[in-house]
Structures are given as structure tokens and as C-alpha cells.
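J.: Numbering (this note's numbering), first residue to last: 7 to 323.
To start, I am sharing the structure in question, which I have written as C-alpha cells.
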Amino acid sequence: MTSRIFLLFPLLCLCVAARGQGKLRVMEWNVENLFDCRHDTLKNDYEFLPESDRHWTWGRYWQKLDDLGRVVMAAGGDSPPSLVGLCEIENDTCMRDLTQRSVLRSLGYRYVVTDSPDSRGMDVALMYLPQDFRLLGSEARRVPSEAAGLYPTRDLLHAWGVLSSGDTLHVAVCHLPSRTQGRKGDRNRKLAAETLAALIDSLGQDCRLLVMGDFNAASRDPVFKVLDALVDLAPQGKHPSEGTYRYRGDWSWIDHVLVSPNLLPFVSPLSLYTAPWLQDSDSNGGWHPRRTYTGPAYHGGVSDHVPIYCDYYYKPR
7 MTSRIFLLFP
17 LLCLCVAARG
27 QGKLRVMEWN
37 VENLFDCRHD
47 TLKNDYEFLP
57 ESDRHWTWGR
67 YWQKLDDLGR
77 VVMAAGGDSP
87 PSLVGLCEIE
97 NDTCMRDLTQ
107 RSVLRSLGYR
117 YVVTDSPDSR
127 GMDVALMYLP
137 QDFRLLGSEA
147 RRVPSEAAGL
157 YPTRDLLHAW
167 GVLSSGDTLH
177 VAVCHLPSRT
187 QGRKGDRNRK
197 LAAETLAALI
207 DSLGQDCRLL
217 VMGDFNAASR
227 DPVFKVLDAL
237 VDLAPQGKHP
247 SEGTYRYRGD
257 WSWIDHVLVS
267 PNLLPFVSPL
277 SLYTAPWLQD
287 SDSNGGWHPR
297 RTYTGPAYHG
307 GVSDHVPIYC
317 DYYYKPR
């Protein structure tokens, strides 16, 4: 196993841990097309059916669920992550199977998931351990893409709950539109960011807020200008040999965790989790995440993204 840790606040983290405070591990991951094998008559999910060119079978589906679960447990270290934000989830069935019928079934994870208008049925979800995060409520925030003449995209997920410290923590999970749609994609991504900014404004400056997800944008992208009320934990410089996604030999840090300023003194640097079995050698040199599919060919990997995590330290009651 290898783990790259960007030590932005090393002395702070050591001091916080030394005081014996509680720790909440937070993980985010784009899990690359977690579809079940049933057709949703309202969605374009044909490529992930047993009779499709990809031959997406129940055996492959259950293997992927177990592999996802193994990564979640390993990224937790001594104990499983308390909060796990997931992107590219098809539906509630996938989340039920992941939490209740995979290798995670004994850990007691619960979840909330969106039901977005995305044409392929892609959603975002939050898994949580109820002993660490007592859910008080959740909502989906619709991005008004269609009203702007754009293709519908994923809803934003907003959940809030109480920690064992007694503090209320708000969590948002998002998957902003892809860059493959050209100018329309840029407009849609900006609109999604503005929807997220409106959520942030509605919660107020005193709110403890953590936002995570696949932003399809690096830290210096203009999309983050509307999110300047939060602090991005991702590295801000250029990191050509490391990131969460690799395309044609170039790494990009497109998965992010952002926190409200009042959380910044209590969070660790972001870390990347990977292991040899999650990697493939890269023709451009180095490695890239082992994908589930390479084009229509089944490759047997888990995801084309590298998961990220950080720790939030607090004082238990």
C-alpha cells in the first residue's frame, strides 16, 4: 500500500492528536459507473446490462461491490471511515447492496442518496456510521440546468447530523458536470457551482460545513471563484506526478474536500489512498488507476479515480 500525504498543517495535526481528541475520518471517491444490472426505463443505462456490448453481469457487479468495500475499509486505517461521499452511483439499490450485502455489511453503514434527472441515472451518495454521525436530515438541491437550456445533471446532496462532540456538521456531496461537453459543459459546471454557493450562503457563516466530490476541475479552475467562502484542502500548485485522475499521462486533482474556515484548524491534510492491486502501469510512464472498463472491454478494476480522505479532530463530550 502507498499513501501520499500532503502535510499542509503537520504540527497542528500532531498537537491535536496528542490532546487525545476524537477523530472522524472523511473519505471521498468517484467509483466509476456503479450500475446494477436492471434497466431503468427512465434512464439511458443500456451499456451496463448483461446483453450490452460491455456484458455487465451480476457476477461483475458483486465483485465490484466487494472491491469497493475493501478499499473503504483499508482507507479507514484502524477503523472504517465515518463519512464516505460517493460519486457515480446509479440508484438506491446499489447503495443498499454496498452497505448491506457486500463486505461492508457487518459495519453498520447507513446512507442517503439522490435521485437526479441525469440522463444516465448517475447520482451521489453519503455513507455514514450512525454512532459517529447521527443524521438529522438530508435534502437534494436541483441544479437548474434544463431551465438554462442545458442537459440535466446530478443533484447536490446536503446532509446534516450531530457528532459525538455534540456539534452539528453539515456535509455536501457533489459531482459537477463533465468537461467533455465543451462550452455547454463549462456553463453547466458553473451553474452547479453557483447552486452549491447558494446552499453555502443559506447556511450562514457560523455553520460547520464540509463539501466533497468530483468537481471535474482542478483547484485553480474559475469554477472555484464562486466557492471562495470555503477552503479547498486539495494542493493548490501543479502536481504533475500525483492527483486523483490521470488522462493521457497527466495527473489532475479533480476530486476535492472543501471546509468552512471554522473547521480548518481541526482538519488534517488530504491524503490519497491506493495500493498495487488498484494500479496499472501507464504507457506514458508511472501508473494510473485500474479501471473497471477500458472502452467496451472489461478490465476488472475498481475505479478510474483515486480516493481521497482527511481527518476531522474534535473533543468528545
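Backbone N, C-alpha and C define an ideal beta-carbon position, used for all residues, glycine too.
Since we're looking at a predicted model, the values are computed, not measured.
With a threshold of 16 other CB atoms inside 10 Å of the CB of S287, please say whether the residue is buried or exposed.
T.: Counted from its first residue, the sequence shown places residue 287 at position 281. Exposed is the call here.
J.: Just curious, the alpha helix (DSSP H) that T174 is in, first and last residue?
T.: As a working note, residue 174 is residue 168 in the sequence shown. Premise fails: T174 lies in the beta strand (DSSP E), T174 to H181, not in any alpha helix (DSSP H).
J.: In whole angstroms, what is the alpha-carbon distance linking Y134 and G249?
T.: Translated into the one-based positions of the sequence shown, residue 134 becomes position 128. Translated into the one-based positions of the sequence shown, residue 249 becomes position 243. Answer to the nearest angstrom: the Cα atoms are 25 Å apart.
J.: Whole angstroms is fine: what's the gap from G306's alpha carbon to S208's?
T.: Walking along the sequence shown from the start, residue 306 turns up at place 300. Walking along the sequence shown from the start, residue 208 turns up at place 202. Between G306 and S208, the C-alpha separation is close to 43 Å.
J.: Using the Cβ count rule (16 or more neighbours within 10 Å means buried), how would you classify W166?
T.: Within the sequence shown, the letter at position 160 stands for residue 166. With 16 or more Cβ atoms within 10 Å of its Cβ, W166 is classed as buried.
J.: Please report the straight-line C-alpha distance between L132 and V118, rounded to a whole angstrom.
T.: As a working note, residue 132 is residue 126 in the sequence shown. As a working note, residue 118 is residue 112 in the sequence shown. Going from the Cα of L132 to the Cα of V118 covers about 5 Å.
J.: Evaluate Y253 with the Cβ neighbour count: other Cβ atoms within 10 Å of its Cβ, from every protein chain shown; 16 or more gives buried, anything less gives exposed.
T.: Your numbering for residue 253 matches position 247 in the sequence shown. Exposed, by the Cβ-count rule.
J.: Distance, Cα to Cα, L163 vs P56?
T.: By one-based count along the sequence shown, residue 163 stands at place 157. By one-based count along the sequence shown, residue 56 stands at place 50. About 30 Å.
J.: Do the CB positions of V179 and V130 come within less than 8 Å of each other?
T.: Against the sequence shown, residue 179 aligns to sequence position 173. Against the sequence shown, residue 130 aligns to sequence position 124. The answer is yes: Cβ separation under 8 Å.
J.: State the Cα-Cα distance for the pair P322 and N222, rounded to the nearest angstrom.
T.: Stepping through the sequence shown from its first residue, residue 322 is reached at position 316. Stepping through the sequence shown from its first residue, residue 222 is reached at position 216. Roughly 36 Å separates the two Cα atoms.
J.: Count Cβ pairs between the region 57 to 65 and the region 98 to 108 that sit closer than 8 Å; are there 3 or more?
T.: Taking 8 Å as the limit for Cβ pairs, the verdict is that the region 98 to 108 does not touch the region 57 to 65.
J.: Let me make sure I understand the geometry here. Which of L182, C213, Y251 and R297 has the alpha-carbon closest to that of L202?
T.: Residue numbering aside, residue 202 sits at position 196 when the sequence shown is read from its first letter. The shortest Cα separation from L202 among L182, C213, Y251 and R297 belongs to L182.
J.: Mind checking which residues open and close the alpha helix (DSSP H) that includes I260?
T.: Taking the sequence shown and counting its residues from 1, the one referred to as residue 260 is at position 254. Here I260 belongs to no alpha helix (DSSP H), and DSSP marks it neither H nor E.
J.: What's the gap between the Cα of A281 and the Cα of G75?
T.: As a first step, residue 281 must be located in the sequence shown, where it is residue number 275. As a first step, residue 75 must be located in the sequence shown, where it is residue number 69. Roughly 14 Å separates the two Cα atoms.
J.: Examine the ligand MG and report whether any of its heavy atoms sits within less than 7 Å of the Cβ of P271.
T.: The ligand MG is not part of the structure shown, which contains no ligands of any sort.
J.: For the beta strand (DSSP E) that contains G65, what are its first and last residues?
T.: Numbered from its first residue, the sequence shown carries residue 65 at position 59. Where G65 is concerned, there is no enclosing beta strand (DSSP E), although the alpha helix (DSSP H) it sits in stretches over W64 to G82.
J.: Would you mind working out which of R189, L276 and R296 sits nearest L284, comparing C-alpha positions?
T.: Counting from 1 along the sequence shown, the entry for residue 284 is found at position 278. Closest option to L284, Cα to Cα, is R296.
J.: Figure out for me which residue from H311, Y299, C316 and Y319 has the closest Cα to the Cα of R66.
T.: For this step, residue 66 is matched to residue 60 along the sequence shown. Here the closest residue by C-alpha is Y299.
J.: Is it right to say G159 is buried, meaning 16 or more other beta carbons lie within 10 angstroms of its own, or is it exposed?
T.: Walking along the sequence shown from the start, residue 159 turns up at place 153. Per the sequence shown, residue 159 should be read as Thr rather than Gly. With 16 or more Cβ atoms within 10 Å of its Cβ, T159 is classed as buried.
J.: Roughly how many whole angstroms lie between the Cα atoms of V149 and A199?
T.: Position 143 of the sequence shown holds residue 149. Position 193 of the sequence shown holds residue 199. Between V149 and A199, the C-alpha separation is close to 9 Å.
J.: Under 8 Å between C-beta atoms, does L142 make it to chain D?
T.: Chain labels in this structure do not include chain D; a single protein chain is all it has.
J.: Let me know the secondary structure DSSP gives A24 once reduced to three states.
T.: Residue mapping note: residue 24 aligns to position 18 of the sequence shown, counting from 1. Only weak support is given to the placement of A24: the predicted model assigns it a pLDDT of 40, under 50, and the question is left unresolved by the model.
J.: Suppose only complete runs of 4+ residues qualify. What are the alpha helix (DSSP H) ranges in the region 86 to 114, listed by chain order?
T.: Qualifying alpha helix (DSSP H) stretches, in chain order: 98 to 106.
J.: Measuring CB to CB, does S274 end up less than 8 Å from C316?
T.: In the sequence shown, residue 274 corresponds to position 268, counting from 1. In the sequence shown, residue 316 corresponds to position 310, counting from 1. Yes. Within cutoff.
J.: Is the Cβ-Cβ distance between L264 and D227 less than 8 Å?
T.: For the purposes of this step, residue 264 is identified with residue 258 of the sequence shown, where counting begins at 1. For the purposes of this step, residue 227 is identified with residue 221 of the sequence shown, where counting begins at 1. It is not a contact, given that the beta carbons lie outside the stated cut-off.
J.: CA-CA distance, A81 and Q27?
T.: Here the question's residue 81 lines up with position 75 in the sequence shown. Here the question's residue 27 lines up with position 21 in the sequence shown. About 20 Å.
J.: Taking the straight line between their C-alpha atoms, what separation do you get for A2 and D42?
T.: With the chain represented from 7 up to 323, any question about residue 2 goes unanswered, as that position is not in the structure.
J.: Do you know how far the Cα of D173 is from the Cα of G292?
T.: Residue 292 sits at position 286 when you count from the first residue of the sequence shown. Residue 173 sits at position 167 when you count from the first residue of the sequence shown. Between G292 and D173, the C-alpha separation is close to 43 Å.
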